[in-house]
Amino acid sequence: MEIHCQKEELLKGVQLVQNAISPRSTLPVLANILVEATAEGLRLSSTDLEVGIRCHVKADVKSGGVTTVPARTLGEFLRTLDDGRDLTLKMSDNQKMEIRSGRDRCVLACLPKDDYPVLPEFSLEKAISLNQVVLREMIRKTAFSVSTDETRYVLNGVNFMIEKGKITLVATDGRRLAFIQRDLSDAKAAVGAIIPTKAINELARILSNEEKGADVQMGLTENQVTFQYRDIIIISRLIEGNFPNFDQVIPKNHDIQLRMKTRQILQATQRAAVGTMERGGSVRFSLAPGRLQISASAQGRIEVESEIEVSYKGDPFAIAFNPAYMVDVFKALETDEVLLELSTPLNPGVIRPVGDENYKYVVMPMQVS
């Protein structure tokens, strides 16, 4: 094997696929990147047996070969080199790869490819085409609501549904729920799947720097999902089980609707959250005619209050929320104004951007003392 490439190109590919590698893996080969050099170019792959990432790297392949190299060591060495450096990668018969750039040289012990899991190839034949800008927005507004409790396995991913010309993403941890729906022209058939958070976050990562560009191609099988964007492929197992009936969780009626500036309510909530450093702290939303007071305290050591003007003429009303849950959604919204809909201090609140009926964020209240 002999490969010639630019340092930046190889490092970009290594950093991309390295995200799939789990630091907790007990299999040594899974700490490595699969390197495939063929007449078609250089391909890098990695997996943790749940999520896999594959990408192509611009390179001049003088002679082909396949091996696996330690991801962390390779990445660390490449980061020490200046941009613009030319690299030569050579594989010897004793399972060692030499990386040379000018007078700099690194030799890595490799593991044979035969021990590396095989990532399936992706066929575009039955793929669904998704607008990458829309998909990125949908992920950004829902993924933060996924449960991190591994005992609630079915909630450890985003519920992904395509039906009747619509694409819907829903995520919940049991205390909050984010729902978003958008139009989809390329709806070949009704599909539904729970996609793990790791795969969703990696997909968002590769889309994060693109304002425009190619569509994302999505393929589904019974137990696997594949996303392709440009020359990057993400493959993931699906989460088995039935997602909760989210429609019955979303309140249909409310007694109070507050219209506020998104930036203003975000900053006020962030200020009040300074007083909720202890685990399980809450932020109190207190309504009085013409004003909303947002406050918090922490065992008598700190008290924070922030007040904003609102169009409210009813009786005094107070409700408390987890501050992180509120900050998460206010940060995700792009509209200048946001609606907060309430009924009683014991019932969920609903947050949605002004002008968008197809995004709803439901959040359970906390006990008000």
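Numbering of the sequence shown is given in my numbering, commencing with residue -7 and proceeding in unit increments.
No residue lacks a Cβ here, since even glycine has one placed at the ideal position from N, Cα and C.
Counting along the chain, the unbroken beta strand (DSSP E) around Ile120 starts and ends at 120 to 122.
If one requires a minimum length of 4 residues, the alpha helix (DSSP H) runs lying completely within the region 44 to 97 are 63 to 71, in chain order.
Around the beta carbon of Leu334, 16 or more other beta carbons sit within 10 angstroms, so the residue counts as buried.
Take the alpha-carbon of Val296 and the one of Pro315: they are about 13 Å apart. The three-state secondary structure of Ile25, taken from DSSP, is strand. Taking Val49 as the centre and dropping the five residues before and after it, the same chain places the C-beta of Cys(-3), Glu1, Leu2, Lys4, Gly5, Gly33, Leu34, Arg35, Leu36 closer than 8 Å to its C-beta, in chain order. Here DSSP, grouped into helix, strand and coil, assigns Arg255 to helix. Around the beta carbon of Ala31, a 10 Å sphere encloses fewer than 16 other beta carbons of the protein chains shown; the residue is thus reported as exposed. DSSP places Ile159 inside the beta strand (DSSP E), whose first and last residues are 158 to 164. The three-state reading of DSSP puts Gln359 in coil, since its state is none of H, G, I, E or B. In the DSSP assignment, Ala185 falls within the beta strand (DSSP E) that extends over 183 to 188.
The beta carbon of Leu122 sits closer than 8 Å to those of Ile159, Leu176, Asp178, Asp207, Val208, Gln209, Met210, all from its chain and outside the five residues before and after it, given in chain order. Under DSSP, Ser228 takes part in a beta bridge, and its partners are Val43, Val217. Using a Cβ distance threshold of 7 Å, Ala280 and Pro243 do not count as a contacting pair. For Pro345, the enclosing beta strand (DSSP E) stretches over residues 341 to 345. In terms of Cα proximity to Val302, the closest of Ser289, Ser274, Ile294, Ile248 is Ile248. Non-local C-beta neighbours of Phe136 in its own chain, meaning closer than 6 Å and more than five positions away in sequence, comprise Asp320, ordered along the chain. Here Ala196 has Arg128, Ile131, Arg132, Ala135 as same chain residues with Cβ atoms under 8 Å from its own Cβ, once five neighbours each way along the sequence are excluded. Annotation: Leu22 to Ala265 spans about 41 Å, alpha carbon to alpha carbon. With a threshold of 16 other beta carbon atoms within 10 Å, Asn350 falls short and is exposed. Within the same chain, Cβ atoms closer than 6 Å to the Cβ of Ala29 are found at Met(-7), Ile(-5), Val53, Gly56, Gly57, the five residues on either side in sequence being excluded. Using a Cβ distance threshold of 7 Å, Lys105 and Thr60 count as a contacting pair. A distance of 7 Å or more separates the beta carbons of Met318 and Thr268.
Membership of Ala316 in any beta strand (DSSP E) is not indicated; the residue belongs instead to the alpha helix (DSSP H) covering 315 to 324. The beta carbon of His246 lies closer than 8 Å to those of Glu333, Leu334, Ser335, Val342 in the same chain, with the five residues before and after it left out. Note on geometry: alpha-carbon atoms of Asp348 and Thr327 lie some 9 Å from one another. With a cutoff of 7 Å on beta-carbon distance, Val162 and Ile192 are scored as not near each other.
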